[in-house]
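Data first, discussion second: the structure below is written as structure tokens.
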Amino acid sequence: MLDQVKALGFNAVFVQVRPLGDAFYPSHYAPWSAYLSGVQGRSPGYDPLGFLLNEAHRRNLEFHAWLNPFRISFHDNLAALAPTNPARQHPEWVVHYAGALYLNPGLPAVRRLLAATVEELLRHYDVDGIHLDDYFYPYPVGKLPFPDSETYRQYGAGHYRSIADWRRANVNELIATLRQTIHRLRPTVKFGVSPFGVWRSRRSDPSGSATAAAVTSYDSLYADTRTWIRHHWLDYIAPQLYWPIGFRPADYATLVRWWVHEVQGWPVHLYIGQAAYKIGSGGPWNDAEEMPRHLRFDLHFAAIKGEVFFRLKSLLADPLGFARRLRTALYRHPALIPVMPWLGGGPPPTPRALQAQLQPQGTNWWTVTLRWQDGSGGQAQTVAYALYRLDGAAPPGLCALKAATALLATQRRFGTGWQLFVDQLAPQDALYTYYVTALDRLYHESSPSSALVVHLP
1 MLDQVKALGF
11 NAVFVQVRPL
21 GDAFYPSHYA
31 PWSAYLSGVQ
41 GRSPGYDPLG
51 FLLNEAHRRN
61 LEFHAWLNPF
71 RISFHDNLAA
81 LAPTNPARQH
91 PEWVVHYAGA
101 LYLNPGLPAV
111 RRLLAATVEE
121 LLRHYDVDGI
131 HLDDYFYPYP
141 VGKLPFPDSE
151 TYRQYGAGHY
161 RSIADWRRAN
171 VNELIATLRQ
181 TIHRLRPTVK
191 FGVSPFGVWR
201 SRRSDPSGSA
211 TAAAVTSYDS
221 LYADTRTWIR
231 HHWLDYIAPQ
241 LYWPIGFRPA
251 DYATLVRWWV
261 HEVQGWPVHL
271 YIGQAAYKIG
281 SGGPWNDAEE
291 MPRHLRFDLH
301 FAAIKGEVFF
311 RLKSLLADPL
321 GFARRLRTAL
331 YRHPALIPVM
341 PWLGGGPPPT
351 PRALQAQLQP
361 QGTNWWTVTL
371 RWQDGSGGQA
381 QTVAYALYRL
391 DGAAPPGLCA
401 LKAATALLAT
411 QRRFGTGWQL
421 FVDQLAPQDA
431 LYTYYVTALD
441 RLYHESSPSS
451 ALVVHLP
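The numbering of the sequence shown is full-length UniProt numbering, which starts it at 1 and goes up by one.
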């Protein structure tokens, strides 16, 4: 699976590790997930998170642990949960709503539990990011009210003008607390959210987007993403813009422009959430050019630092040939993850002693095995390397290395000795110039190594 992720040109994965008040890893705060063994609380016999994390890093994929904070179950039978589920142990924390169970966001004890959950993750796993999606307060079901009025009377009445303001304050407090927890324990770990794509519509707020969505993040889910950006509680935001270009209630292009404006001047990366699961599902999504148009449109905005696709299963099915388009055209060249300078770090020492060994493969092709020494003297600053290959023998300026076509691959650092990379199937009678740079875990990049010119006879 991760080999396929790498082959499609991606450089990061977001892996759901707490889907329903349960866990894909051994946890003091949650039972094993039923998605692993069929029974909540039953061990699968190994640590899926630990395994996936190690394998992702071996392939130099950034790993973001994805949590659903308040959702417990898609049914409302508390007795069906594992005895170790916090909802079973503390039924007073639970809200029954529309046939499902949720932890009550208005309870301080619940928010403390979620902060402790993140702290446990960070103490035991070398994840690169902590990620939340769009589920905070549940999506409204018709006119059915969320039954937390008693909690509001206990914790919010007298302090907030309305129950809606109080709910937003509860979610704000969670986001701020998680930010503090993450950066206190692991300052280089990124924290981000992929919220519903409409913050507010202009009909409710003149500063909202020119949309007419029936649901908004601010008014329906009580997730005030604008406040999170402006208080620097997030390192990235990835709004779910799951609509086609030209869809009048929520036009993709309109929303992209709105989000680009929202992040301008703030220390936060903007990634765009893409609906891979909708490709080929009907209407405009039956047009094989719809998703490629999204990606090409986004290239016009320097504020957009990347794309996040939901979900991998859909991509691997290659709907309308989109996965093939990624592999052969759209993402044919790898990309470095953008640096977040506010998280610290800096360029590692430059790699040294770049060498090459040539090996013929048949009559017309060669493999080039590159080897080099790490320049950090065994220190942990260097995490990975970027390999560059340019046509010709003239050593270029640094600008040439920044061209999208120059980056050949990235590779994780293995040990402290000589590092190896194999450039497969270089054509006969080619002339290449190779460089290697070092990367820290936040993708600060060293200056390039000395040029290595290789002529394949």
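Note that the Cβ used here is the ideal one computed from N, Cα and C, for glycine as well. Note that the coordinates shown come from a computational prediction; the quantities given were computed from them, not determined experimentally.
Following the continuous beta strand (DSSP E) through residue i, name the residue where it begins and the one where it ends.
i, result
"proline 427", "418–427"
"aspartate 435", "Correcting the residue identity first, residue 435 is tyrosine in this sequence and not aspartate. Tyrosine 435 -> beta strand (DSSP E) spans 431–439."
"glutamine 411", "407–412"
"tryptophan 66", "62–67"
"glutamate 307", "304–310"
"proline 360", "352–361"
"leucine 103", "100–103"
"lysine 6", "Counting along the chain, lysine 6 falls outside any beta strand (DSSP E), though it belongs to the alpha helix (DSSP H) covering 2–7."
"alanine 23", "Per DSSP, alanine 23 belongs to no beta strand (DSSP E) and is neither H nor E."
"tyrosine 155", "Premise fails: tyrosine 155 lies in the alpha helix (DSSP H), 149–155, not in any beta strand (DSSP E)."
"glutamine 274", "269–275"
"aspartate 219", "No beta strand (DSSP E) holds aspartate 219; the alpha helix (DSSP H) holding it covers 217–220."
With distances taken between CB atoms, is the gap from residue i to residue j smaller than 8 Å?
i, j, result
"threonine 225", "proline 195", "yes"
"glutamate 445", "leucine 452", "no"
"alanine 393", "asparagine 60", "no"
"glycine 265", "phenylalanine 191", "no"
"proline 249", "alanine 212", "yes"
"arginine 153", "tyrosine 222", "no"
"proline 292", "arginine 325", "yes"
"phenylalanine 301", "valine 260", "yes"
"leucine 36", "proline 44", "yes"
"leucine 49", "valine 13", "no"
"histidine 232", "proline 267", "yes"
"leucine 122", "valine 189", "yes"
"valine 368", "aspartate 318", "no"
"valine 95", "proline 147", "yes"
"valine 15", "tryptophan 66", "yes"
Could you pull out every residue in the same chain whose Cβ sits closer than 7 Å to the Cβ of residue i, ignoring the five residues on either side in sequence?
i, result
"asparagine 172", "Asp224 and Thr227"
"threonine 151", "Asn104, Gly106 and Leu107"
"tyrosine 252", "Leu241, Trp243, Pro244, Ile245 and His294"
"alanine 109", "Trp93"
"asparagine 170", "Pro105 and Gly106"
"alanine 56", "Leu2, Val13 and Phe63"
"residue 458", "Because the chain is modelled from 1 through 457, residue 458 falls outside the range shown and cannot be assessed."
"leucine 316", "Gln4 and Ala323"
Tell me where the alpha helix (DSSP H) around residue i begins and ends.
i, result
"valine 110", "108–124"
"glutamate 262", "252–263"
"serine 73", "Looking at the DSSP string, serine 73 is not in any alpha helix (DSSP H); the run it does join, the beta strand (DSSP E), is 71–73."
"alanine 372", "According to the sequence as given, residue 372 is tryptophan; it is not alanine. Note, tryptophan 372: premise wrong, no alpha helix (DSSP H); beta strand (DSSP E) at 365–373."
"proline 48", "48–58"
"phenylalanine 297", "290–298"
"residue 461", "Absent from the model: residue 461. The displayed extent of the chain is 1 to 457, so no value can be given."
"arginine 167", "163–185"
"lysine 402", "Taken as a continuous stretch (DSSP letters only), lysine 402 belongs to no alpha helix (DSSP H), as it is neither H nor E."
"isoleucine 229", "225–230"
"aspartate 235", "Here aspartate 235 belongs to no alpha helix (DSSP H), and DSSP marks it neither H nor E."
"alanine 386", "Per DSSP, alanine 386 belongs to no alpha helix (DSSP H); it is in the beta strand (DSSP E), 384–391."
Leaving out five residues on either side along the sequence, give the residues of the same chain with a beta carbon under 8 Å from the beta carbon of residue i.
i, result
"tryptophan 418", "Arg371, Trp372 and Gln373"
"leucine 298", "Rather than leucine, the amino acid found at residue 298 in this sequence is aspartate. Counting only Cβ-Cβ distances below 8 Å, and skipping sequence neighbours, we find Val256, Ile272, Ile304 and Glu307."
"threonine 350", "Gly375, Thr437, Ala438, Ser446, Ser447, Pro448 and Ser449"
Ordered along the chain, which non-local residues of its own chain (more than five positions away) have a Cβ less than 6 Å from that of residue i?
i, result
"proline 348", "Ser376, Gln381, Thr382, Ala438, Asp440 and Ser446"
"alanine 82", "Pro31, Gln40 and Gly41"
Let me know if residue i comes out buried or exposed under the rule of 16 or more other beta-carbons within 10 Å of its beta-carbon.
i, result
"phenylalanine 136", "buried"
"serine 149", "exposed"
"glutamate 92", "exposed"
"glutamate 289", "exposed"
"histidine 64", "buried"
"leucine 144", "exposed"
"glutamine 357", "exposed"
"arginine 296", "exposed"
"phenylalanine 414", "exposed"
"aspartate 235", "buried"
"glutamine 411", "buried"
"glycine 282", "exposed"
Decide if the region 95–104 is in contact with the region 72–84; the criterion is three or more beta carbon pairs, one per stretch, under 8 Å apart. yes
For the 8 Å Cβ check, are there 3 or more pairs between the region 400–409 and the region 338–352? no
Counting Cβ pairs closer than 8 Å, one from the region 5–23 and one from the region 319–338, do we hit at least three? yes
Check whether the region 114–125 and the region 172–191 are in contact - that is, three or more C-beta pairs closer than 8 Å. yes
Would you call the region 347–365 and the region 425–438 touching, i.e. three or more CB-CB distances under 8 Å? yes
With a cut-off of 8 Å, do at least 3 Cβ pairs link the region 195–206 to the region 155–167? no
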